[in-house]
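With this note's numbering applied, the sequence shown corresponds to residues 51 to 121, in that order.
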Amino acid sequence: MRKTKAGAEETRMKLLETAEHLFFEHGAAAVTFDKIALSAGMTRGALYWHFANKADLLRALLDLAPCPPRR
């Protein structure tokens with residue numbers, strides 16, 4: 051079954067939210083892709099579809115972070 055772009059983005063955001071929570075609770079070094087996928091209720095394959103590795107996932111989280119206004 052093919053996913054829609056909206057469905058793929060929803061999956062990606064759920065993975066990012068789950069990873070953010072786990073990184074906050076346990077630290078990025080202690081969190082594995084297996085742990086993120088399991089906590090999100092998804093497969094590792096779904097996680098690797100969206101992110102090549104943990105560094106890629108961390109970059110995506112940083113891209114979503116609000117930037118403080120310039121002075």
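For each residue, glycine too, the CB sits at the ideal point set by N, CA and C.
Predicted model only: the values in this text are computed from it and were never measured.
Distance from the CA atom of H76 to the CA atom of C117, rounded to whole angstroms, is 24 Å. Only residues of its own chain outside the window of five on either side were considered, and among them L66 have a CB closer than 8 Å to the CB of L114, listed in chain order. Between K64 and L72, the CB-CB gap reaches or exceeds 9 Å. Between L97 and E70, the CB-CB gap reaches or exceeds 9 Å. Between the alpha carbons of A90 and T68 lies a distance of about 6 Å.
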